[in-house]
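Undergrad: Starting off with a structure, shown below.
Number of protein chains: 2
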Amino acid sequence: MTSRLDSPLLTDLYQLTMLQSYLDHGLEDTAVFEFFVRKLPAGRNFLLAAGLAQVLDYLEALHFTADEIAWLAGTGRFNPRLLDYLAGLRFEGDVHAMAEGTPCFPDEPLLRITAPLPVAQLVESRVINLLHFQTLIASKAARLRLAAPEALLVDFGLRRAHAGEAGLLAARAGYLAGLDGTATVLAGREFGIPIFGTMAHSFIEAHDDEAQAFEHFARSQPDNVVLLIDTYDTEAGARTVVDIAPRLRAKGIRIKAVRIDSGDLAGHARRVRRILDAGGLTDTGIFASGNLDEYRLREFIDAGAPIDGFGVGTRLGVSSDAPYLDCAYKLQEYAGIPRRKRSEGKATWAGRKQVYRYYDTDGRLARDCLTCADDARDGEALIQPVMQAGRRLARPSLDESRAHALASMQRLPPPLQTLETAATPCRVEVSPALKSVTRKADTRIAADASPP
Amino acid sequence: MTSRLDSPLLTDLYQLTMLQSYLDHGLEDTAVFEFFVRKLPAGRNFLLAAGLAQVLDYLEALHFTADEIAWLAGTGRFNPRLLDYLAGLRFEGDVHAMAEGTPCFPDEPLLRITAPLPVAQLVESRVINLLHFQTLIASKAARLRLAAPEALLVDFGLRRAHAGEAGLLAARAGYLAGLDGTATVLAGREFGIPIFGTMAHSFIEAHDDEAQAFEHFARSQPDNVVLLIDTYDTEAGARTVVDIAPRLRAKGIRIKAVRIDSGDLAGHARRVRRILDAGGLTDTGIFASGNLDEYRLREFIDAGAPIDGFGVGTRLGVSSDAPYLDCAYKLQEYAGIPRRKRSEGKATWAGRKQVYRYYDTDGRLARDCLTCADDARDGEALIQPVMQAGRRLARPSLDESRAHALASMQRLPPPLQTLETAATPCRVEVSPALKSVTRKADTRIAADASPP
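Protein chains in written order, with my numbering: chain A, 1 to 452; chain B, 1 to 452.
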């Protein structure tokens, strides 16, 4: 690929055709857009906000190169006014957002962008693209952590992630939501996430003998000996591990764990545990992988299967049971006047919004209140300024965001921490002030339409 | 993001830990890996091979930068032998593959890589990542084209694609499978795909008046007038279009189409068609979008809804009903000897393979034969050399691959062209030669294991 993914051309064509018309007709006043999720996927009780850091990176770096302007000109679709404007375009607006790792609910804005209409419009596609994906994956990964609070959990999803950036960002979103690390090396470099990995079946198959493969690996990676034992026969593999252990021990090499990647994982784990224990390898752990998700993790834990850690790949990396969120980035105000879309089934609350969060006396989340940004209240205001006039205000580390996510998940009411839909969802009140602003926005519109 | 996605660090850590052990123990002989899909997702009757061009781009460019080597060294996990090897590593192997756009079936290799074991191993993660995703999306897009053979079909999936590269490559895979184009501008630049786009609801909302919004847009993009009419009330929007049409016509501007994005699309389309026709706009088309997939397209077409084109977004871009394929890249031969994995439920056919395709007298696909690469037969050999000693042999254009896909889909038996699972799947025979090679591979393995 010769193009850069942070190119502003990674956008929908309609952003550019709209921009041309905005400029032609002087619509350059301040616009306010908000990103929110319309509803939770089946089975989810909350979402975990994620992806803000990448959105801010994108906005900070936003510019068209001379090559990109020349390419746009060559399409014959755009006039010089637009091309000149784009050549000088930078993001100098304001951004307000929920902190990454914050549990959130439908209709609550995760992000608000305040900027001249053409700029706030242009960035829509990539802003949604970045926030949607990481929020999707963090929300899935949170369920893995809730299902297996004590287990080592590692993202194995790169291979079947939807292309490369998804693999990289899923590793980030998973770690943010409480996983322990990832197999994706580049995520270790890019985000400082702990990386995990030892061997694939091909390593065993390339040797004529499984025992020799194990010994070769142990001698090359003496501090990282996790042996994959299911290439031919899992229990035979475990016995081979016991056989070679004394020779390795004599060289000062400890077998940290074995990995099982196929078959009845719980059954194999029990038999392998007995073989290892009988062979004196009581401190050698068992790591499992292969088609795992939060439901299977819970099964293993409920059944007391002796598995110490899990590699979770595809079903995490593509959020397989809910591979997308119904989300939007919508114009909420233009030139000081609240606006909203009223399309059937897609109506939104108008104006700039704030979310106040309230807790019970035991510290658990009790309810949220969705209101206008200028409706000052007590309570924890979740939407905070994060960029002012194009300059970032703070840059929490990924580990800080992860700690926030883990602490916030523990403050959720227990029914929201389960894998099934809670009988009572989190209460999100809409304030009288917000209802009033929305009614006023509607009465301004000339078009013939019925009230919401 | 500061890292490049074509970095060889976009891999699983175990590739590097295995490489170190391969080098330490002299396992640098020639290895043969093949990529294949184990089974079709529910409802799919075939897959469409895609992503080869990006795999070859990756292999051609493969190298570690000095920075990347320094970062690896800094992890403390690797010895100088490995780091030196990686610093000089280039892909100088052979690649055989199915042409992009070829319909294919379980167990048939889409790609074979022949290279020294450490090199063929290292590229696994990214090769799977690229082939899996585009094959997934092309296979989904093919169903859209089969459901609506005559309609204009445009990819709208960028926003909810799984991050940026997925949005870009889904546009490519969709076009390859027969869509007409994409909204993603960068895909236009990168791949020469036709791009489509006009306006979002925010454009209408930023104006105080819908009619004014329509006129502004038409004057700015006179050759591209597709007006979004459902922001407030769809039929009222259609009447507004009729009202402004004479003024635009006087300026030489034709209203190409209206777009409906919400509600009962078929019902709205019928009413809008009557309003447009009654207003003399008989040559103004109707374009629909919003939560579409192949099943909804078929409904509209079966119902005779007057819709001329469709924008298909999320459900295409994430292949929502089947967001991943059960696929693998497996060692099939090392040092001249066929190998295979026998893990439960994951056993594979051993050795280098070829797929011969046979047609009925009417030109329809009759059956495939999966056999050893050296088992020469009559029939169309689908696996062809595409890279030799690291040099690309041919570079079909995307339009050539798209024409191949469309022609090949038409040669599928009609039951395989439907959206439901065909009563009789495509017949894929396994040759006696391949069965024999696989048996021999098994008898070589010393480990205690039962036959397949």
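Glycine included, every Cβ here is placed at the ideal spot set by N, Cα and C.
With a 10 Å radius around its C-beta and 16 neighbouring C-beta atoms as the bar for buried, classify A/Ser436 as buried or exposed.
TA: Here residue 436 of chain A corresponds to residue number 436 of the first sequence, with the count starting at 1. It is exposed - the Cβ of A/Ser436 has fewer than 16 other Cβ atoms within 10 Å.
Undergrad: Shorter than 9 angstroms from the beta carbon of B/Gln417 to some beta carbon of chain A?
TA: Residue 417 of chain B sits at position 417 when you count from the first residue of the second sequence. No, B/Gln417 does not count as interfacial toward chain A.
Undergrad: Specify the secondary structure class of B/Gly317 as computed by DSSP and reduced to three states.
TA: Counting from 1 along the second sequence, the entry for residue 317 of chain B is found at position 317. Helix, per DSSP.
Undergrad: According to DSSP, which residues form a beta bridge with B/Val55?
TA: Locating residue 55 of chain B in the second sequence gives position 55, counting from the first residue. B/Val55 is not bridged to any residue.
Undergrad: Out of B/Ser262, B/Gly237 and B/Pro222, point me to the one whose CA is closest to B/Ile229's CA.
TA: Position 229 of the second sequence, counted from the first residue, corresponds to residue 229 of chain B. Checked all of B/Ser262, B/Gly237 and B/Pro222; the closest Cα to B/Ile229 is B/Gly237.
Undergrad: Whose CA, out of B/Gly76, B/Pro109 and B/Tyr329, lies closest to the CA of A/Ser202?
TA: Position 202 of the first sequence, counting from 1, holds the residue named residue 202 of chain A. Looking at the Cα atoms, B/Tyr329 is the closest of the given residues.
Undergrad: How would you list, in chain order, the residues of chain A whose beta-carbon sits under 9 angstroms from the beta-carbon of B/Leu370?
TA: Within the second sequence, the letter at position 370 stands for residue 370 of chain B. Chain A residues near B/Leu370: none, gap ~20 angstroms exceeds 9 angstroms.
Undergrad: Are A/Ile195 and A/Ala218 closer than 9 angstroms when you measure CB to CB?
TA: As a position in the first sequence, residue 195 of chain A is number 195, starting the count at 1. As a position in the first sequence, residue 218 of chain A is number 218, starting the count at 1. Result no, Cβ atoms of A/Ile195 and A/Ala218 do not sit closer than 9 angstroms.
Undergrad: Helix, strand or coil for B/Glu380 per DSSP?
TA: Looking up residue 380 of chain B in the second sequence gives position 380. Three-state result, B/Glu380: strand.
Undergrad: Can you tell me where the beta strand (DSSP E) with B/His96 in it begins and where it stops?
TA: Counting from one through the second sequence, the residue named residue 96 of chain B turns up at place 96. Asp94 to Ala97 is the span of the beta strand (DSSP E), which, as asked, contains B/His96.
Undergrad: Are the C-beta of B/Met409 and some C-beta of chain A separated by less than 9 angstroms?
TA: Translated into positions along the second sequence, residue 409 of chain B becomes position 409. So, not an interface residue.
Undergrad: Which chain B residues sit within Cβ distance under 7 angstroms of A/Trp71?
TA: The residue labelled residue 71 of chain A in the question sits at position 71 within the first sequence. In chain order: Arg189.
Undergrad: Here's a check: name, in chain order, each residue in its chain whose Cβ is nearer than 6 angstroms to the Cβ of B/Leu398, leaving out the five neighbours to either side.
TA: For this step, residue 398 of chain B is matched to residue 398 along the second sequence. Answer for B/Leu398: Phe191, listed in chain order.
Undergrad: Say whether chain A places a C-beta atom closer than 9 angstroms to the C-beta of B/Leu382.
TA: Position 382 of the second sequence holds residue 382 of chain B. Closer than 9 angstroms: no.
Undergrad: Cα separation between A/Pro452 and B/Ser262?
TA: Start at 1 with the first residue of the first sequence, and residue 452 of chain A comes out as number 452. Start at 1 with the first residue of the second sequence, and residue 262 of chain B comes out as number 262. The predicted model places A/Pro452 with a pLDDT of 36, which falls under 50 and marks its position as unreliable; any figure quoted below should be read in that light. Spanning the two alpha carbons is a distance of roughly 15 angstroms.
Undergrad: Give the residues of chain B in contact with A/His63, contact being defined as C-beta atoms less than 9 angstroms apart.
TA: Here residue 63 of chain A corresponds to residue number 63 of the first sequence, with the count starting at 1. Here the premise fails: no neighbours, minimum Cβ distance about 15 angstroms.
Undergrad: By the 9 angstroms beta-carbon criterion, what residues does the region 250 to 263 of chain B contribute toward chain A?
TA: Against chain A - using a Cβ distance shorter than 9 angstroms - the residues of the region 250 to 263 of chain B are Asp261, Ser262 and Gly263.
Undergrad: Does the structure place the region 100 to 107 of chain A close enough to the region 38 to 49 of chain A that three or more beta carbon pairs sit under 8 angstroms?
TA: Touching, yes, given that three or more Cβ pairs across the two stretches are closer than 8 angstroms.
Undergrad: Pull up the CB-CB distance for B/Gly311 and B/Ser289, whole angstroms please, since I reckon it's below 8 angstroms.
TA: Along the second sequence, one-based indexing puts residue 311 of chain B at 311. Along the second sequence, one-based indexing puts residue 289 of chain B at 289. Contact holds; Cβ gap of about 4 angstroms.
Undergrad: Going by DSSP in three states, A/Lys435 sits in which element: helix, strand or coil?
TA: Residue 435 of chain A sits at position 435 when you count from the first residue of the first sequence. Note: A/Lys435 maps to helix in three-state DSSP.
Undergrad: Between the region 244 to 259 of chain B and the region 272 to 291 of chain B, do three or more beta carbon pairs fall short of 8 angstroms?
TA: At 8 angstroms Cβ cutoff, the stretches touch.
Undergrad: What is the DSSP secondary structure of B/Leu406, reduced to helix, strand or coil?
TA: For the purposes of this step, residue 406 of chain B is taken as residue 406 along the second sequence, with counting starting at 1. In this structure, B/Leu406 counts as helix in the three-state DSSP scheme.
Undergrad: Figure out for me which residue from B/Ala373, B/Cys426 and B/Pro415 has the closest Cα to the Cα of B/Pro109.
TA: Here residue 109 of chain B is taken as the residue at index 109 of the second sequence, counted from 1. Answer by Cα proximity: B/Ala373.
Undergrad: Leaving out the 5 sequence neighbours to the left and right, which residues in its chain are closer than 6 angstroms to B/Arg340 when beta-carbon positions are compared?
TA: Along the second sequence, read from residue 1 onward, the residue named residue 340 of chain B stands at position 340. So the list reads Thr348, Ala350 and Ala441, once near-sequence residues are dropped.
Undergrad: Distance, Cα to Cα, A/Gly252 vs A/Asp223?
TA: Here residue 252 of chain A refers to the residue found at position 252 when the first sequence is read from its first residue. Here residue 223 of chain A refers to the residue found at position 223 when the first sequence is read from its first residue. If you take the alpha carbons of A/Gly252 and A/Asp223, they lie about 10 angstroms apart.
Undergrad: Under DSSP, the beta strand (DSSP E) around A/Glu203 begins and ends at which residues?
TA: As a first step, residue 203 of chain A must be located in the first sequence, where it is residue number 203. Here residue 203 of chain A turns out to be Phe, not Glu, going by the sequence shown. It is not in any beta strand (DSSP E) - A/Phe203 instead sits in the alpha helix (DSSP H) that spans His201 to Ala206.
Undergrad: Could you list which residues in chain A have their beta carbon closer than 7 angstroms to that of B/Lys346, in chain order?
TA: Here residue 346 of chain B refers to the residue found at position 346 of the second sequence. Ordered by position in chain A, the residues that pass the 7 angstroms Cβ test against B/Lys346 are Ser262.
Undergrad: Is there a Cβ of chain A sitting closer than 9 angstroms to that of B/Ile128, yes or no?
TA: Within the second sequence, residue 128 of chain B is the residue found at index 128, counting from 1. At least one chain A Cβ lies under 9 angstroms of B/Ile128.
Undergrad: Use the C-beta contact count for A/Tyr359: other C-beta atoms within 10 angstroms, 16 or more gives buried, fewer gives exposed.
TA: Translated into the one-based positions of the first sequence, residue 359 of chain A becomes position 359. So A/Tyr359 counts as exposed.
Undergrad: Using the Cα positions of A/Phe300 and A/Ala266, report the straight-line distance between them to the nearest angstrom.
TA: Here residue 300 of chain A refers to the residue found at position 300 when the first sequence is read from its first residue. Here residue 266 of chain A refers to the residue found at position 266 when the first sequence is read from its first residue. Their backbone Cα atoms lie some 6 angstroms apart in a straight line.
Undergrad: Quick one: measure Cβ to Cβ for A/Glu294 and A/Leu144, integer angstroms, because I've assumed they're closer than 8 angstroms.
TA: Walking along the first sequence from the start, residue 294 of chain A turns up at place 294. Walking along the first sequence from the start, residue 144 of chain A turns up at place 144. Yes, they are in contact, since the Cβ atoms of A/Glu294 and A/Leu144 sit about 5 angstroms apart, within 8 angstroms.
Undergrad: Could you give the distance in angstroms between the alpha-carbon of A/Ala177 and the alpha-carbon of B/Phe33?
TA: Against the first sequence, residue 177 of chain A aligns to sequence position 177. Against the second sequence, residue 33 of chain B aligns to sequence position 33. Spanning the two alpha carbons is a distance of roughly 35 angstroms.
Undergrad: Taking any Cβ of chain A, which residues in the region 188 to 212 of chain B have a Cβ under 9 angstroms from it, in chain order?
TA: For the region 188 to 212 of chain B, which is checked against every Cβ of chain A, the residues closer than 9 angstroms are Gly188, Arg189, Glu190, Ile195, Phe196, Gly197, Thr198, Met199, Ala200, His201, Ser202, Phe203, Ile204, Glu205, Ala206, His207, Asp208, Asp209, Glu210, Ala211 and Gln212.
Undergrad: In chain B, which residues lie less than 8 angstroms from A/Asn45 when you measure between Cβ atoms?
TA: To locate residue 45 of chain A, count along the first sequence from 1; it is residue 45. Going along chain B, no residue has its Cβ under 8 angstroms from A/Asn45, so there is no contact; the nearest lies around 21 angstroms.
Undergrad: Are the beta-carbon atoms belonging to B/Asp12 and B/Glu124 less than 9 angstroms from one another?
TA: Position 12 of the second sequence, counted from the start, is the residue given in the question as residue 12 of chain B. Position 124 of the second sequence, counted from the start, is the residue given in the question as residue 124 of chain B. Their beta carbons are under 9 angstroms apart, which means B/Asp12 touches B/Glu124 by this criterion.
Undergrad: Let's see if you can read the secondary structure: which residues bound the alpha helix (DSSP H) around B/Leu248?
TA: As a working note, residue 248 of chain B is residue 248 in the second sequence. Residues Thr234 to Ala250.
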